[in-house]
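Trainee:
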Amino acid sequence: MGEEVFLLPATAPGPDFFTASTAVGGTLPPASPPSPTAAAPRQPPPAGRAVPSPAGARALSGATPGLYQGTAHVADCDVGRQVAHLAADPVRAGAFAATAGVPRTRLPRHLRALTPVVLRTDTRVTSHAYHDRQVAAYQAVLQAGTAVLVDDRGVPRVRCACGNPLGPPSSDRGVGVRGTAWPGYRPDQVVVVTPAPRAVTGLTIVDVRTGAWIERRTGDDVRRDRVVPAPARTTARPRPPAVGPEQAGATPTGSPPTAPPFAADPPGTPRAEGGTTSPPGIPSGTPRAEGGTTSPPGDPSGTPGA
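Numbering-wise (the UniProt record's numbering), the sequence shown opens with residue 1 and increments by one.
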């Protein structure tokens, strides 16, 4: 039986969050950005790599060029603050570490190994709320424009607006959604990020303000960013998500009405049999936090943090 899926606006923390927001404000693209200066060739997406999954979402490798956006030398998440927030509460830090599958003593190193980026698509994940020393896993869709930290296979691992650890979504379609859908939200355009076939040393992201392509080395040090040529094969020029007044703390007003263009997956990206890529399931051996795991929050009036 499927689980309910919570819709989480880009900057709303929600209740039961792990930490205060570490998202850096003012870095999302404006509502009417300038036209990109670096157009990419228009080509159809490769067969079997961005297709409907059994959960109703499209699966894309975390190493797909253009899957994420950002600005050169600007981190959309403050990893140092995330480390400090958790260090100030050892019990909470232990719960976070157990959920992330790392020893608590290695948590700062784990977080600094993650890469700050911004989602370009509405993206389904498993999020984890924290309440009364308990961790509650639940299914969520994160709005395009959400700042996240991703691992060395391109998979979102932390939502910066609330500090919640993230994991791959369950393979269930879900029995319904909770929360208010933002204009432009389309279930058939939701993306599931699958791990790249091997660890990568960098991600190719796009600056939707300028159209520039940026190579961002894995880790939290964005000083190493460098502008690179556009990938050889892309579907279209970069395009930002619609941004509403959530940047001013109000309810978000938009996501891309259609899926944004992406460069072709890098060589070696696995293809699913029959042309369909299934989203990954949650590993059966994922460690649980102190006190066990509770069921997700059930009150739709208080959408959980992600």
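Each residue gets a CB set at the ideal place from its N, CA and C atoms; glycine is no exception.
No experiment lies behind these values; they were computed from the predicted model shown.
#1: Less than 8 Å between the C-beta atoms of Leu-114 and Leu-149, yes or no?
#2: Give the straight-line distance between the Cα atoms of Gln-82 and Gly-163, rounded to the nearest whole angstrom.
#3: Once DSSP output is grouped into helix, strand and coil, what is the label at Val-175?
#4: Any idea which residues DSSP pairs Tyr-138 with across the strands?
#5: Quick check: what's the CA-CA separation for Gly-154 versus Asp-132?
#6: Could you give the distance in angstroms between the alpha-carbon of Ala-75 and the alpha-carbon of Val-117?
#7: Within this structure, are the beta carbons of Gly-167 and Leu-7 separated by less than 8 Å?
#8: Measure the CB-CB distance between Ile-214 and Gly-70 and report whether it falls below 8 Å.
#9: Please list, in chain order, all residues of the same chain as Arg-112 whose beta carbon is under 8 Å from its beta carbon, the five residues on each side excluded.
#10: Can you give the Cα-Cα distance for Pro-165 and His-110, rounded to whole angstroms?
#11: Note the first and the last residue of the continuous beta strand (DSSP E) segment covering Pro-116.
#12: Straight-line CA distance for residue 311 to Pro-187?
#13: What are the complete alpha helix (DSSP H) segments, minimum 4 residues, inside the region 55–86?
Mentor: Inspection of the coordinates gives the following:
#1: Here residue 114 refers to the residue found at position 114 when the sequence shown is read from its first residue. Here residue 149 refers to the residue found at position 149 when the sequence shown is read from its first residue. Yes, Cβ-Cβ distance for Leu-114 and Leu-149 is below 8 Å.
#2: On the sequence shown, position 82 is the one that residue 82 refers to. On the sequence shown, position 163 is the one that residue 163 refers to. Roughly 7 Å between the two C-alpha positions.
#3: Taking the sequence shown and counting its residues from 1, one reaches residue 175 at position 175. Note: Val-175 maps to coil in three-state DSSP.
#4: The sequence position of residue 138 within the sequence shown is 138, counting from 1. Answer is Ser-127.
#5: Position 154 of the sequence shown, counted from the start, is the residue given in the question as residue 154. Position 132 of the sequence shown, counted from the start, is the residue given in the question as residue 132. The alpha-carbon separation between Gly-154 and Asp-132 amounts to approximately 31 Å.
#6: Position 75 of the sequence shown, counting from 1, holds the residue named residue 75. Position 117 of the sequence shown, counting from 1, holds the residue named residue 117. Distance between the alpha carbons of Ala-75 and Val-117 is about 7 Å.
#7: Counting from one through the sequence shown, the residue named residue 167 turns up at place 167. Counting from one through the sequence shown, the residue named residue 7 turns up at place 7. Against a cut-off of 8 Å, the Cβ pair of Leu-7 and Gly-167 comes out as no contact.
#8: Numbered from 1 along the sequence shown, position 214 holds the residue referred to as residue 214. Numbered from 1 along the sequence shown, position 70 holds the residue referred to as residue 70. Cβ distance < 8 Å, so Ile-214 and Gly-70 count as in contact.
#9: Counted from its first residue, the sequence shown places residue 112 at position 112. Hits under 8 Å: Val-79, Val-83, Gly-219 and Asp-220.
#10: Here residue 165 refers to the residue found at position 165 when the sequence shown is read from its first residue. Here residue 110 refers to the residue found at position 110 when the sequence shown is read from its first residue. Straight through space, the alpha carbons of His-110 and Pro-165 are spaced by roughly 12 Å.
#11: If you number the sequence shown from 1, residue 116 lands on position 116. 115–119 is the span of the beta strand (DSSP E), which, as asked, contains Pro-116.
#12: Lying outside 1 to 306, the shown extent of the chain, residue 311 is not represented and no answer is given.
#13: none
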